[in-house]
Amino acid sequence: MLTVVKRSESLAWSGQKRRAWLCKCDCGGEIVVSGKHLRSGHTQSCGCRVVEVPRQLRLQDITGKRYVRLAAVRRLPDEEQRIRRNGRPIGDWEWLCDCGNSVVLPIGAVKSGATQSCGCLGLETRPLNFHNEGHRAYAGDPEYAER
Numbered sequence: 202m203l204t205v206v207k208r209s210e211s212l213a214w215s216g217q218k219r220r221a222w223l224c225k226c227d228c229g230g231e232i233v234v235s236g237k238h239l240r241s242g243h244t245q246s247c248g249c250r251v252v253e254v255p256r257q258l259r260l261q262d263i264t265g266k267r268y269v270r271l272a273a274v275r276r277l278p279d280e281e282q283r284i285r286r287n288g289r290p291i292g293d294w295e296w297l298c299d300c301g302n303s304v305v306l307p308i309g310a311v312k313s314g315a316t317q318s319c320g321c322l323g324l325e326t327r328p329l330n331f332h333n334e335g336h337r338a339y340a341g342d343p344e345y346a347e348r
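Position one of the sequence shown corresponds to residue 202 (this note's numbering), numbered consecutively onward.
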């Protein structure tokens with residue numbers, strides 16, 4: 202939470218001058234923020250919460266929770282986690298797919314819906330999405346050539 206200390210020098214954003222305020226954060230940090238961002242609630246901390254919120258999500262216990270075809274088995278211990286370039290762990294979990302395969306995936310990919318299975322879902326749906334457009338199956342069909 203930010204507390205306004207005093208008015209600061211005006212700042213220029215996108216060619217417009219905006220009133221700026223020196224604010225003190227609950228953690229003790231200070232930051233200069235535009236009045237627009239303070240009023241809208243866009244800026245709520247000095248940046249300390251940006252680190253805190255993902256950490257809370259990463260440490261959330263979702264054991265047994267299901268996402269499409271995947272069920273969370275366990276969060277991998279820190280020593281087994283893959284590390285990002287910034288040195289933080291990715292948040293890998295072990296998942297059990299409905300087909301019986303066990304896979305290790307980041308929690309973000311599963312919760313966002315980007316990954317829905319161990320790969321078996323794609324193998325099942327790919328043939329259903331295949332329309333044979335422009336493939337050899339239609340090479341001898343004169344009606345296809347006229348289109």
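The beta carbon of each residue, even a glycine, is placed where N, CA and C say it ideally should be.
All values derive from a computational prediction rather than experimental measurement.
Residues near residue i by beta carbon distance below 6 Å, same chain, minus five either side
i    : result
V205 : W222 and C224
R348 : Residue confidence is low: R348 scores 49 on pLDDT, short of 50, so the model does not pin down where it sits. No coordinate-derived value is stated.
C321 : C300
L306 : W296 and T316
V234 : W222, C224 and T244
Residue i - containing beta strand (DSSP E), residue span
i    : result
K266 : Note, K266: premise wrong, no beta strand (DSSP E); not H, not E.
A221 : Q217 to C226
L306 : S303 to P307
S235 : E231 to S235
Supposed contact pair residue j and residue i - C-beta distance, whole angstroms, cut 8 Å
i    : j    : result
L284 : P290 : First, the amino acid is wrong: residue 284 is Ile here, not Leu. Correct: roughly 6 Å between the Cβ atoms.
L203 : Q245 : 6 Å
Cut-off 7 Å between Cβ atoms - residues of its own chain near residue i, not counting five sequence neighbours on either side
i    : result
R276 : W294
G230 : C247 and C249
C228 : C247 and C249
Other residues of its chain near residue i: CB distance less than 8 Å, five sequence neighbours each side excluded
i    : result
K207 : W222 and L223
A213 : R219
Coil, strand or helix - residue i by DSSP
i    : result
D293 : strand
T326 : helix
L239 : helix
A315 : coil
R250 : helix
V321 : Checking the sequence, you will find Cys at residue 321 rather than Val. Residue state, collapsed to three classes: helix.
T204 : strand
T244 : coil
(message) Using 8 Å as the cut-off, can you tell me whether the segment 293-303 makes contact with the segment 264-275, which would need three or more C-beta pairs spanning the two stretches below that distance?
(response) For the pair of segments examined, the segment 293-303 was found to touch the segment 264-275: the number of CB pairs separated by less than 8 Å reaches three.
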